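Top to bottom, those sequences are chains V and L. For the first sequence, position 349 (counting from the first letter as 1) is numbered 349 according to the working numbering, and the numbering increases by one without interruption. Take any residue in the second sequence, note its place counting from 1, add 421, and you have its number in the working numbering. Note that CB positions come from ideal geometry on N, CA and C, so glycine has one too. None of the values given here were measured: they were computed from a predicted structure.
There are 2 protein chains.
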Amino acid sequence: MKLQLARGTRDYSPEEKIARQDLTKNLISVFERYGYAPLETPLLERMDVLAAKYAGGEAADVMKEVFKVQDQGGRELGLRFDLTVPLARYVGMNPTLKMPFKRYQIGKAYRDGPIKQGRYREFWQYDIDIVGCGTMQADAEIIRVVLAAFDTLGLDVEIKINNRKLLSAIIQAAGISKELSETVIITIDKLDKLGEKTVIKELLNKGFDKEEAQNVMKHLRLRTIEEYEALLPGNEGVQELKQLFSLLPKDERLVFMPSLARGLAYYTGPVFEVFSKELSVSLAGGGRYDDMIGNYLGGKQKVPATGIAFGFEPILEVLDQQRKIPLKKSRTQVYVIPIGNVDAAGVVEELRDDGINADVDLIGRGLTKNIKYADAYGIPYVLFVGEDELERREFKLRNLKTGKETTGTLQSLCGQLSLSW
Amino acid sequence: MKLQLARGTRDYSPEEKIARQDLTKNLISVFERYGYAPLETPLLERMDVLAAKYAGGEAADVMKEVFKVQDQGGRELGLRFDLTVPLARYVGMNPTLKMPFKRYQIGKAYRDGPIKQGRYREFWQYDIDIVGCGTMQADAEIIRVVLAAFDTLGLDVEIKINNRKLLSAIIQAAGISKELSETVIITIDKLDKLGEKTVIKELLNKGFDKEEAQNVMKHLRLRTIEEYEALLPGNEGVQELKQLFSLLPKDERLVFMPSLARGLAYYTGPVFEVFSKELSVSLAGGGRYDDMIGNYLGGKQKVPATGIAFGFEPILEVLDQQRKIPLKKSRTQVYVIPIGNVDAAGVVEELRDDGINADVDLIGRGLTKNIKYADAYGIPYVLFVGEDELERREFKLRNLKTGKETTGTLQSLCGQLSLSW
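Have a look at this one:
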């Protein structure tokens, strides 16, 4: 048997995992500073939940990419493709939740699609959502969190902002019926990547005539919200965009982009997408989905919602390229090396009781090999424990980077270790 | 459509998730204090990796419980049933890893089996393992980590310890051939739960004769390691047990139990299982598996390994019963309430910039409703922001528990908030 990973999945080595832990800690601290509470839902969901027409939507590309699972009872299940549909299911099943419900969720999601750079079939997603607030205040807050998050990470980004109601109006103004606007939106979403020519071709392939396609393109060429207000007076999407920008700080990272659509069918209002300035990779995306949760509740209730998903893998890839995360190989502070046939277990336990991350040779290697081992794992200090040392209760601590050695009691050395950590 | 969870899965509400976060933080700090580094492997693995005879083992019950998945390329995949098999695969694929490799991994695992109290089909596991150390030093360290972990959690436990080599010798001493010992071991493992009579019946059902079954039972009735040494002189399992106990602190929580087997086929030496003293639920279990990784490497190399898996769900259930975790509904420190038509966004941002977890009314509710909302989420403080307050830059902070109010600048109030947090 050849040892292989499932295609599109990856291992995180200790150093990559430590980097992910640090990044996660940073993002959680931002989310909690803005009042979001953690939630966890299963990775396995019932297929009817995932495939509901107001969730993934049967027509959506994403449903073709769901990993299907069957349990022993013959129930059709699937691995979740995002964290938004499960949130809607959760809210639907917990009708006594106090609104607004602001939650963050960090978890893996699955799409059995093509594999590209920074794109896997099993990937981490970091989501924040506000459920139960229909005003632009909520969308503005989501964008503020995004700004704070990328400030914390030290990444240069651009946040493109649009509104689905504006996009629908543009399409209808081009003479295309409301029923067909969804398929047009899916094509338009690729404008930034593929260019006008290819998008027009795809629209023609989908059966639209040349005039319709060209009209859509023409209307997408305007640049300011004011121009769209003149083109489409009274349009709700335009009004929402004006309000949203008025609630946000003046920040050149916030950019209105009329062709931004975001693939999924469930968006109803503002949509946003975050791009890395240097690598033009999408790092986060989201928007308002006012109908999904209400529909899960049987359509009896309006439950507005908005949110954004951060993609961990592309963020880590950009951080990696910028080398802003120095990779740590271990969190161990000191490696204890017994000299000769000495029992160092007591010394190590004492260090640990003092809150020091300490490791010890378990296989009786010689001095040189032990030092090499500690160095290979990036452990900054080694402590030597011989018979003399045990008797005098004084030990030698060596800084592996500088070579400097200090002798002292465990307690005095511990102080040094905590300081340098 | 009726909204339902996939059977055997669960949601963690914010308060349950906060409890899990705290427990995870505690366990990670223990693991890192003992020198373990984090690793992450995918939840999806290739079926041939999971089903290899030195992993799950085709005969093992666990293989019947694997959730099967197929990708678009027709590859047979499965959801992992533990974190040990993926570790062996990881080590096999990374032959330059420096030994010993000590890692912890926290992740979900899946078994499509019967659902009981505290037992789910999707469940969290917390594993630590030492790869590349064949001596009892490693097993002793694993047990020390277990003691430290349950001390940290404040749970009363008993750790039952045995050795597979002893168990095999007991079975062979009863006249049963080596080839059949695996199936006997699976039955014996239930002795503690089902009692002698039922176990003997099951052995008879499996085709063993009365004498063989009774011999096995008789040999399992001895209590001390010394008695087994007399019964089976020179047995390696007995020698390992003696050495293991000599390396451990004298602790009445450590108990030798000759019938402990642990279900999986891959164990080769010491096995251990942790039980809650009050609820007699299994909270963790593991042991030595010296052959698995070497076999993944094509049998060309010996790679000894030992480790233990903590079950998060049963631990949380026991903690819950003891009410040792007070459930926190939110990590938000202060809820900002705008009075009248005031823009409080600047004030909230200032609090957040000072590192305070702050939330704010987004939907323009009245005073009473806002206070009720903050209280429902267990947020300890509310801050009132009216026009007067904004002008004077002095605000009123109310402690919702005591009703006590303090007036001051944001900065002075922030000091108070950090202290009380």
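Taking every protein chain shown into account, the CB of Ile356 of chain V has 16 or more other CB atoms within 10 angstroms, so this residue is buried. In this structure, the alpha-carbon of Glu826 of chain L lies about 39 angstroms from that of Thr84 of chain V.
Rounded to whole angstroms, Phe81 of chain V and Glu122 of chain V show a C-alpha spacing of 9 angstroms. For the stretch 524–539 of chain L, the residues whose beta carbon sits under 7 angstroms from a beta carbon of chain V are, in order, Arg524, Lys529, Asp533. Against chain V, the beta carbon of Ser839 of chain L has no neighbour under 7 angstroms; the closest one sits roughly 13 angstroms away. At least 9 angstroms separates the CB of Ile315 of chain V from every CB of chain L.
In the DSSP assignment, Asp359 of chain V is bridged to V:Tyr335. Under DSSP, the beta-bridge partners assigned to Tyr12 of chain V are L:Glu461. In this structure, the CA atom of Asp22 of chain V is about 20 angstroms from the CA atom of Asp774 of chain L. Runs of the beta strand (DSSP E) spanning 3 or more residues and lying entirely within the stretch 560–643 of chain L occur at 578–584, in chain order. Neighbours of Ile363 of chain V in chain L, taken as residues whose beta carbon is under 7 angstroms from its own, are Pro521, Cys554, Thr556 in chain order. For Ser751 of chain L, the residues of chain V that pass the 7 angstroms Cβ criterion are Ala37, in the order they occur in the chain.
Proximity of chain V to Val803 of chain L at the Cβ level (cut-off 8 angstroms) is not reached, the minimal Cβ distance being about 13 angstroms. With contacts defined by Cβ atoms closer than 9 angstroms, Leu465 of chain L and Tyr12 of chain V do not form a contacting pair.
Among the CB atoms of chain V, none fall inside 9 angstroms of the CB of Lys671 of chain L.
Linking Asp560 of chain L to Ile527 of chain L through their CA atoms gives a straight-line distance of about 20 angstroms. Bounds of the beta strand (DSSP E) holding Ile551 of chain L are 543–552. By the rule that beta-carbons nearer than 9 angstroms mark a contact, Ile551 of chain L touches chain V.
Taking all protein chains shown into account, Gln411 of chain V has fewer than 16 neighbouring C-beta atoms within 10 Å of its C-beta and is therefore exposed. Per DSSP, the continuous alpha helix (DSSP H) segment holding Pro86 of chain V begins and ends at 84–93.
Gly494 of chain L reaches chain V at Arg7, counting residues in chain order whose Cβ is nearer than 8 angstroms. The beta-carbon of Lys300 of chain V is placed no less than 9 angstroms from the nearest beta-carbon of chain L.
Here the C-alpha atom of Asn820 of chain L lies approximately 24 angstroms from the C-alpha atom of Arg103 of chain V. Along the stretch 85–99 of chain V, the positions whose C-beta sits under 7 angstroms from a C-beta of chain L are Arg89, Tyr90, Gly92, Met93, Lys98, read in chain order. For Gln742 of chain L, the enclosing alpha helix (DSSP H) starts and ends at 733–743.
With 16 or more other Cβ atoms from the protein chains shown falling within 10 Å of its own Cβ, Ala440 of chain L counts as buried. Taking Asp71 of chain V as reference, the option from L:His640, L:Arg467, L:Tyr756, L:Gly429 with the minimal CA-CA separation is L:Gly429.
No Cβ of chain V is located within less than 9 angstroms of the beta carbon of Phe693 of chain L.
Within the stretch 770–832 of chain L, the complete beta strand (DSSP E) segments at least 3 residues long are 779–781, 802–806, 816–820, 826–829, listed from N- to C-terminus.
The three-state reading of DSSP puts Phe81 of chain V in coil, since its state is none of H, G, I, E or B. Here Ile161 of chain V has Phe256, Phe272 as same chain residues with Cβ atoms under 6 angstroms from its own Cβ, once five neighbours each way along the sequence are excluded.
In the three-state scheme derived from DSSP, where H, G and I count as helix and E and B as strand, Gln117 of chain V is classed as coil.
Look at Ser280 of chain V: its C-beta is not under 9 angstroms from any C-beta on chain L. A direct Cα-to-Cα measurement between Leu500 of chain L and Ile714 of chain L gives close to 20 angstroms. For the pair Tyr377 of chain V and Thr332 of chain V, the CB atoms are nearer than the 9 angstroms cut-off. With a cutoff of 9 angstroms on beta-carbon distance, Met1 of chain V and Val483 of chain L are scored as not near each other.
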